[in-house]
Every structure is written in C-alpha cells, then in structure tokens.
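Presented below is the structure to which this report refers.
Residue numbers (my numbering): 517 to 783.
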C-alpha cells in the first residue's frame, strides 16, 4: 500500500469514522492546519481537535465515505461524503460532499485545503429530506501513486485563468454556476497525479446571481455586491482540455459574506 494512502486509511477509519481524536497525534503534526473557505484552523490540539469534537457531538453517527483518491506520493486529493443525523435538528439527516487536498511530510499530515458543501447540508437539515450518499470507491486503499504531469497542470492553470468553463465538471451536488462579474482567480494550491489535477482557488468579483433560494439571500438586492468564493476541484485532463471532474465551493460562506453589512453601514 502506498504510504500516504495508508496514512489516509487511518485518517478515515481510525480517526473520523470512530470519532477517536486520540489518533490525531499519531497522524497529524502539532501545527496541522486546515484551510476551509476564509477560515484557517491552525494547531492540532488547540483548535483542530475541539472543532472536530463539536462536529462529532452534533452528528453522533457521523460517517465519512470515500469516493475517490489520487496521489503523486507527496500530495493527495480525496473526494468524500460525510453523512449523519443532527441532534440539533431533531435527528434529521444529511449527506454532503467534500474534497480535501492534503500535504504530509513523509510521516504525518501537515496541511489540508478542503471544502464541504455546507449549503446542501443546511438545505437537507431544514427540509428533512437527506440526499442519497454516492457509491463508495471500489478500492480506495489500493490507489497507486502517479507521477505529476506538468502539461496537465498547465492546461488547468490556463483553464482557471480563462474563467474555468464548468460545462464538463459537476459543481457541488449538481448546483448551478455562481456568477461573479469582472472576476479574478488566485490559485492557492495546485498539483497533479497523472492526468488528474487538484486545485484550490480563491475567486473574487461582483456578485450577479447563482446562489438561489437555498442560500437564504435576496439575489436581486445583493446583485452588484463584491464577493469572494473559495473552491476546491479535482479534474481530469484529456486531449489538452478539462474533460471532467468535481468542484466543491464554499457557497454558504459566499452567501454569508454577501449578507453581512459592510463596515460603516447603518445597523
């Protein structure tokens, strides 16, 4: 088994699905940092473990199902779903997608850029109608490391800088595109394993729609507001173009930032 994949098997089976935070010191460095949306959770013991314990308390039966893993031996991307029933929502259930880009030092995890579709989770908990969990990967722990492909990385960087036509990829749970006019994209992280390229992007621009009623905002009232959208993707390059893949966006974070009064505005 690939060493990085073996570490992630412990992360999924021994830590997350058993809710056993005592495993964290064995698989994460003390300075382990999680970056999600605009948030940075830096410090395994001080911040990360308490945040995980809150999640486990809200979802006592929380499970993580792996759908896809790719690695080049030094970096690893994992697409997954988390699912469970919330004690804060009268036991209503939800299943939501996520995608994490992990970095290790050859022994333990040191960093993760991740997004989870918390907007879909909120919708399911409010409605009482959970989504169906996607099928698991057939044999995620048998994943073999593939060499990076600089040409594939160049294709994806150019695709991102040109606006990232998302026609070939699935967004979140099949949600529509979020429209930001005059947008620019900053690539925060990008790596490849063969023809598959993983990336994290911060996209800024002027909001012109796309969040929809699930976000609990008035699209018309917020059109023209400055917006920042964080997203994580895993795409496949074929014949010199992005041929497919998944992107998970911080839609809920964008909605909250658009709805938040700016400094100096009337209360």
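Built from N, CA and C at the ideal position, the CB exists for glycine as well. This structure is a prediction, so every number in the text was calculated from the model and none was measured.
Asked	Found
C-beta contact flag for residue 619 and residue 630 at 9 Å	no
C-beta atoms of residue 748 and residue 708 nearer than 9 Å	no
Residue 718 in three-state terms, based on DSSP	strand
Contact the region 709 to 723 vs the region 736 to 753: 3+ CB pairs below 8 Å	yes
For residue 542, the nearest candidate out of 554, 560, 550 (CA to CA)	560
Residue 746 beta carbon less than 9 Å from that of residue 716	yes
Residue from 592, 763, 577, 573 with nearest C-alpha to residue 520	592
Residues sharing a beta bridge with residue 628, DSSP	550, 618
Distance CB(residue 525)-CB(residue 656) smaller than 9 Å	yes
Uninterrupted alpha helix (DSSP H) stretches inside the region 659 to 700 (no shorter than 4 residues)	666 to 677
CB-CB length for residue 582 against residue 652, believed under 8 Å	6 Å
Contacts around residue 549, its chain only, beta-carbon distance under 6 Å, and the 5 residues preceding and following it disregarded	558, 627
Residue range of the alpha helix (DSSP H) that includes residue 520	519 to 525
Segment contact, 8 Å Cβ cut-off, at least three pairs: the region 533 to 542 with the region 596 to 612	no
For residue 747, the residue or residues it bridges with in DSSP	717, 765
Coil, strand or helix - residue 739 by DSSP	coil
Distance CB(residue 687)-CB(residue 765) smaller than 9 Å	yes
Nearest-angstrom Cβ-Cβ length linking residue 502 and residue 639, presumed shorter than 8 Å	No statement about residue 502 is possible, as the shown extent of the chain runs from 517 to 783 and does not include it.
Between the CA atoms of residue 722 and residue 736 - distance to the nearest angstrom	13 Å
Local conformation of residue 480 per DSSP, three classes	Within the shown structure, residues of the chain are numbered from 517 to 783, placing residue 480 beyond reach of any answer.
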